[in-house]
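Worksheet: one structure, shown below.
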Amino acid sequence: MHKFTVLIVEDEKSISDFIFKILSSHDYRVKCASTGKEALSLASSLCPDIILLDMGLPDIDGMEVIQQIRLWSGCPIIVISARTQEDDKVRALDAGADDYLTKPFGTSELLARIRTSLRHSNKSNSENGLPQHPYRAKGLEIDFFKRNITVDGQSIHLTPIEYKIVAFLAQNSGKVMTYSAVMNNVWGPYAESDNKILRVNMANIRRKLEKNPAQPVYIFTEVGVGYRMAEDEDH
Ligand code: CA
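In the numbering used here, the protein residues as written are 8 to 242.
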């Protein structure tokens, strides 16, 4: 049986041990690095399936580790960061990290993030780039071929822009998408740098999709970073 290999890059031994124990007991093969240099060397010798990367390392800045790895590898990278470092999270995601975990995090969150990132790295889209299966979560269903959205069987009318936002988040469900990633996908390279137009659209989307827009169950806000859509239940 092929086990997935996870490389943990973390200089705090207690956190590294914690992650090691969880992942080993869930059938992952796990290796640990405690410096950026060691991380870069293990990333190339080990070819891990996924990398968990602490941003505050003793030698090389985590951002540089991401940039170095991205020069030659598309291996999913999940950043581990402190709650206060929102700018860092955005920079890491824009530099090519796939997602992040905020310290302190629990077992289920860790496993869910890893599952989602592995799934996206093996994503099998059809020829036209559309997902082969509809998105389904908590009564919400999106048929990407018909461009049809229903909640509990009731058809929802979205504007073309609103649809593009929701479809993009659904195609990346379970993963955080930064404001700029959504803006670039929907409005293209000439998107405004200000994300006000996105927030206005999101308010309208939530009004249409969510039973209580103040407590969304489909599209969550990651404060200062972007949006995360509930994970597709079919996966
Ligand atoms: Ca650290």
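C-beta atoms are modelled at their ideal positions from N, C-alpha and C, and glycine is treated no differently.
All figures in this text were calculated on a predicted structure; none of them were measured in a lab.
Check                                                                                                                                                                       : Outcome
Would you be able to state if there are at least three C-beta pairs under 8 Å between the stretch 141-154 and the stretch 234-242?                                          : yes
Short of 6 Å in beta carbon distance, which residues of its chain neighbour LYS110, apart from the five on each side in sequence? Order them along the chain.               : ALA89
Just to confirm, is the Cβ distance from VAL189 to PHE175 under 9 Å?                                                                                                        : yes
If contact is defined by three or more beta carbon pairs under 8 Å, each pair taking one atom from either stretch, is the stretch 58-71 in contact with the stretch 85-105? : yes
Which residues in the same chain have their Cβ closer than 7 Å to the Cβ of VAL193, if we skip the five residues on either side of it in sequence?                          : ILE168, LYS171, ILE172 and PHE175
Could you give the residue range of the alpha helix (DSSP H) that holds ALA144?                                                                                             : No alpha helix (DSSP H) contains ALA144, which is instead part of the beta strand (DSSP E) from 142-144.
Check whether the Cβ of ASP18 lies closer than 8 Å to any heavy atom of ligand 1, and answer yes or no.                                                                     : yes
Can you give me the C-alpha to C-alpha distance between LEU59 and VAL13, rounded to a whole angstrom?                                                                       : 7 Å
As a quick exercise: from THR42, ILE149, MET236 and PHE27, pick the residue whose alpha carbon is nearest that of ARG36.                                                    : PHE27
Using the Cα positions of GLN75 and LEU47, report the straight-line distance between them to the nearest angstrom.                                                          : 8 Å
In three-state terms, what does DSSP make of MET306?                                                                                                                        : Residue 306 is absent from the structure shown; the chain starts at 8 and stops at 242.
Considering only heavy atoms of ligand 1, does any lie closer than 8 Å to the CB of ASP61?                                                                                  : yes
Name the residue from ILE226, LEU49 and ASN155 whose alpha carbon lies nearest to the alpha carbon of LYS182.                                                               : ILE226
With DSSP as the reference, please indicate the residues paired to ILE226 in a beta bridge.                                                                                 : MET236
Verify whether the separation of the beta carbon atoms of TYR186 and VAL232 is less than 9 Å.                                                                               : yes
Would you please state the rounded distance, in angstroms, between the beta carbons of SER41 and GLU17? I believe it to be under 8 Å.                                       : 7 Å
Let me make sure I understand the geometry here. Which of HIS33, LEU117, SER80 and GLU19 has the alpha-carbon closest to that of PHE11?                                     : HIS33
Could you check whether the Cβ of GLU45 sits closer than 9 Å to any Cβ belonging to chain C?                                                                                : The structure shown contains no chain C; it is built from a single protein chain.
Run through the stretch 168-199 for me and flag every whole beta strand (DSSP E) of 3 or more residues, listed as ranges in chain order.                                    : 183-185
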